[in-house]
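Engineer: Dropping a structure here in structure tokens format, bear with me for questions.
Residue numbers (our numbering): 179 to 889.
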């Protein structure tokens with residue numbers, strides 16, 4: 179944006195012999211360039227530079243949709259000015275996750291009279307403000323809001339309810355037992371529900387799943403096409419979602435084509451839910467399906483459900499066998515080209531013919547995976563994590579070789595033990611000197627030599643002939659990759675104390691290390707990378723390759739790499755970070771991590787960094803280094819550190835950061851707290867949901883939801 183301004187300022191000056199005047203480009207090209215500039219900058223800054231830009235910045239293609247959801251510099255005054263200048267031109271407004279804006283900011287949305295889609299998830303909105311705002315938005319058809327304690331549907335005006343009656347798409351995040359505005363939305367076609375209700379209040383009292391007084395209205399589902407519910411851990415969330423489902427069990431909408439419930443842990447099936455599923459089997463044909471594992475395990479449900487042109491399936495954590503998967507879902511290997519997203523995370527038997535007498539560590543049946551690959555050849559998102567998928571010694575039937583046929587993959591999640599070459603776990607790993615550069619500042623290049631002249635060349639040839647190297651080479655357009663140990667669990671779960679001990683990695687995973695990480699550097703368009711529990715990381719040299727080659731990398735998550743008693747990859751990580759100019763999110767989880775001056779000096783090279791999270795049992799930090807880093811990296815708005823330092827050290831540092839930078843960074847969110855402190859769960863509950871869900875808590879995100887579920 180700075181360079182753009184410089185070009186504009188010098189518009190009328192004499193052009194240099196080798197220069198190009200930006201203003202000489204066609205309007206179409208300039209509009210395309212301007213589409214990458216935040217709308218607040220366009221309206222409040224860029225359009226004031228010259229007459230031509232004053233016109234272009236107000237073009238309908240730039241003002242039709244306004245996205246503020248990750249514009250961390252926006253404040254109340256900017257929203258006020260923006261809605262005053264172009265309010266009537268805005269048809270779609272996304273303010274999701276703008277937790278730092280005061281609730282009075284919502285008052286300015288009333289100027290956007292022509293709004294059709296509005297996303298206020300994560301914003302502070304009271305019942306009265308919501309009522310006033312919606313009363314003036316008569317064209318609204320899509321709405322996303324939070325329902326917090328104190329919400330009172332009786333305070334909604336008749337004009338507000340009239341607007342809600344025309345809304346066809348609703349996304350509602352519940353922090354208290356409530357129907358929210360669902361009963362008012364009589365024309366619903368898409369309903370997304372996120373249940374984030376805690377079982378206990380801040381005072382320690384158990385909460386009830388019963389709805390509040392005056393909330394006995396029945397939701398209207400007769401036009402429903404998409405029903406999605408995602409539950410956070412907790413008994414109350416399960417009780418409340420059953421109330422939403424009770425209406426569906428009485429009469430299943432005829433046009434229902436996507437039914438998705440994501441529930442962690444055990445969510446038992448009841449008579450009402452069984453009636454609902456039986457009704458669905460008789461009356462609807464689905465395009466997307468996700469059910470709690472208890473509703474699928476041991477039942478013949480999948481045999482009776484009918485599918486039309488399915489685009490999303492999730493059988494996460496189910497005991498579904500590969501035989502059932504092929505017979506009941508893929509119909510014996512029939513064409514399923516419509517399927518673009520498949521989540522088999524935690525399905526330990528999904529690549530085996532049966533699960534009755536099988537151990538989770540037994541070899542997979544490659545014919546099942548081959549049938550899956552052939553039938554679902556257009557898959558773009560595939561999650562096979564949290565399971566032991568061990569390939570047999572059959573030539574050409576390795577899991578990586580079969581997956582290499584899926585040329586359209588954009589995101590992929592695999593267990594560590596699935597990428598090792600057969601027999602590699604019993605071979606001695608290659609010695610490290612041949613894989614490590616003499617200095618971490620120089621580019622590491624592992625190439626195939628025509629005539630190997632020494633043992634290092636032979637090792638490189640072996641690396642590049644591995645099945646995982648070949649897989650990475652065949653998936654050149656992959657944007658998201660997760661390689662996670664099948665027994666890995668984060669030290670910081672959602673609503674429980676920190677985990678002190680972790681399970682050992684799978685035996686098949688013991689040989690996975692630096693060379694496999696180096697293979698990932700072939701993914702030129704990689705944007706998000708997660709590596710967890712790779713036991714044979716000896717130096718981390720492969721990380722340098724990724725830093726050099728994957729220039730589009732925006733999100734990096736590393737957890738429990740190498741030996742647990744020492745951070746063996748620290749030097750390589752610091753060298754890698756110097757090349758990550760586009761990195762925005764960094765999450766590190768490693769025992770004994772030292773967040774000192776050298777680390778933060780290297781991290782300061784990541785000029786685009788916005789969010790940092792470090793989770794380290796017995797980890798240490800240097801307060802002065804953290805403060806210097808925050809001062810030099812002006813884009814950082816989230817700093818979460820859960821270390822081994824004392825509560826006093828953590829509190830003092832947190833207060834210093836907030837006091838020094840909060841005024842200039844309105845979205846700043848800082849949490850520095852001892853990882854093993856008994857009050858950790860109380861601290862976590864105050865973290866904005868955007869950060870908690872996207873970076874602070876570790877989880878596999880590939881195929882977690884259907885693609886384009888919400889805008």
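The C-beta atom is built at its ideal place from N, Cα and C for all residues, glycine as well.
Using 8 Å as the threshold, is the C-beta distance between residue 917 and residue 409 below it?
Structural biologist: Nothing about residue 917 can be read from this structure; the chain reaches only from 179 to 889.
Engineer: Let's see if you can read the secondary structure: which residues bound the alpha helix (DSSP H) around residue 307?
Structural biologist: Segment 305 to 313, the alpha helix (DSSP H) holding residue 307.
Engineer: Run through DSSP, which three-state label would residue 361 get?
Structural biologist: It is helical.
Engineer: Does the beta-carbon distance from residue 504 to residue 468 come in below 8 Å?
Structural biologist: Cβ atoms of residue 504 and residue 468: not closer than 8 Å.
Engineer: If you count every other CB in all the chains shown that lies within 10 Å of the CB of residue 650, and 16 or more means buried, which is it?
Structural biologist: With 16 or more other Cβ atoms within 10 Å, it is buried.
Engineer: For the candidate residues 215, 831, 318, 244, whose alpha-carbon lies nearest to that of residue 231?
Structural biologist: Answer by Cα proximity: 215.
Engineer: How would you label residue 449, buried or exposed, when you count the other beta carbons within 10 angstroms and need 16 or more for buried?
Structural biologist: Classification of residue 449: exposed, given that the 10 Å Cβ count is below 16.
Engineer: For the pair the region 220 to 227 and the region 235 to 245, tell me if three or more CB-CB distances fall below 8 Å.
Structural biologist: A contact exists between the region 220 to 227 and the region 235 to 245.
Engineer: If you draw a straight line from the C-alpha of residue 434 to the C-alpha of residue 400, how long is it?
Structural biologist: So the alpha carbons of these two residues sit roughly 9 Å apart.
Engineer: Along the chain, where does the beta strand (DSSP E) that runs through residue 818 open and close?
Structural biologist: Residue 818 -> beta strand (DSSP E) spans 816 to 821.
Engineer: Between the Cα of residue 694 and the Cα atoms of 685, 287, 597, 701, which residue gives the shortest distance?
Structural biologist: Residue 694 has its Cα closest to that of 597, out of 685, 287, 597, 701.
Engineer: Are the beta-carbon atoms of residue 368 and residue 346 separated by less than 8 Å?
Structural biologist: In contact: residue 368 and residue 346 (Cβ atoms closer than 8 Å).
Engineer: So what's residue 609 in DSSP terms, helix, strand or just coil?
Structural biologist: Note that residue 609 has pLDDT 40, beneath the 50 cutoff, so the model's placement of it is unreliable and the number below is only indicative. Three-state result, residue 609: coil.
Engineer: Return helix, strand or coil for residue 489, following the three-state DSSP convention.
Structural biologist: In the structure shown, residue 489 sits in a strand (DSSP, three-state: E or B).
Engineer: Do you know offhand how far residue 853's Cα is from residue 236's?
Structural biologist: Each residue's alpha carbon lies about 49 Å from the other.
Engineer: Is residue 249 buried or exposed, if buried means 16 or more other CB atoms sit within 10 Å of its CB?
Structural biologist: Counting Cβ neighbours within 10 Å, residue 249 comes out buried, since at least 16 surround it.
Engineer: Look at the Cβ atom of residue 797, then the Cβ atom of residue 750, and state whether they are nearer than 8 Å.
Structural biologist: It is not a contact, given that the beta carbons lie outside the stated cut-off.
Engineer: Can you give me the start and stop residues for the alpha helix (DSSP H) that residue 781 sits inside?
Structural biologist: Per DSSP, residue 781 belongs to the alpha helix (DSSP H) from 775 to 781.
Engineer: Out of 824, 849, 506, which has the shortest C-alpha to C-alpha gap to residue 836?
Structural biologist: The shortest C-alpha separation from residue 836 is found at 849.
Engineer: Since residue 807 is in the alpha helix (DSSP H), which residue starts that stretch and which ends it?
Structural biologist: Note, residue 807: alpha helix (DSSP H), 801 to 810.
Engineer: Can you check whether the CB of residue 580 is closer than 8 Å to the CB of residue 551?
Structural biologist: A contact, by the Cβ cut-off of 8 Å.
Engineer: Residue 730: buried (16+ other C-beta within 10 angstroms of its C-beta) or exposed?
Structural biologist: By the 10 Å Cβ count, residue 730 comes out exposed.
Engineer: Could you tell me which of 586, 589, 587, 544 sits nearest to residue 574, measuring between CA atoms?
Structural biologist: Measuring from the Cα of residue 574, the nearest candidate turns out to be 544.
Engineer: Label residue 130 either buried or exposed according to how many other C-beta atoms from any shown protein chain fall within 10 Å of its C-beta, with 16 as the threshold for buried.
Structural biologist: No information on residue 130 is available, as it lies outside the stretch 179 to 889 that the chain covers here.
Engineer: Is it true that the CB of residue 526 sits closer than 8 Å to the CB of residue 565?
Structural biologist: Against a cut-off of 8 Å, the Cβ pair of residue 526 and residue 565 comes out as a contact.
Engineer: By the 10 Å Cβ neighbour count, where 16 or more other Cβ atoms means buried, how is residue 763 classified, buried or exposed?
Structural biologist: So residue 763 counts as buried.
Engineer: Using the three-state DSSP reduction, which class does residue 436 fall into: helix, strand or coil?
Structural biologist: Looking at residue 436 - three-state DSSP - the assignment turns out to be strand.
Engineer: Looking at residue 672 and residue 706, is the spacing between their C-beta atoms short of 8 Å?
Structural biologist: Against a cut-off of 8 Å, the Cβ pair of residue 672 and residue 706 comes out as no contact.
Engineer: According to DSSP, simplified to helix, strand and coil, what is residue 753?
Structural biologist: Looking at residue 753 - three-state DSSP - the assignment turns out to be helix.
Engineer: Are residue 845 and residue 278 touching if we call contact CB-CB under 8 Å?
Structural biologist: In this structure, residue 278 lies closer than 8 Å to residue 845 by Cβ.
Engineer: Could you tell me the boundaries of the alpha helix (DSSP H) in which residue 413 lies?
Structural biologist: Note, residue 413: alpha helix (DSSP H), 413 to 428.
Engineer: Compare the C-alpha of residue 475 against each of 490, 872, 447, 457 and name the closest.
Structural biologist: Considering only alpha carbons, the answer is 447.
Engineer: Give the range of the beta strand (DSSP E) segment to which residue 344 is assigned.
Structural biologist: Run containing residue 344: none; DSSP gives neither H nor E here.
Engineer: Answer yes or no: do residue 710 and residue 795 have a C-beta to C-beta separation smaller than 8 Å?
Structural biologist: The answer is no: Cβ separation not under 8 Å.
Engineer: If we ignore side chains and look at the alpha-carbon of each, how far apart do residue 721 and residue 680 end up?
Structural biologist: Cα to Cα, residue 721 sits roughly 24 Å from residue 680.
Engineer: Measure the alpha-carbon distance for residue 791 versus residue 809 and round it to whole angstroms.
Structural biologist: Those two C-alpha atoms are separated by around 17 Å.
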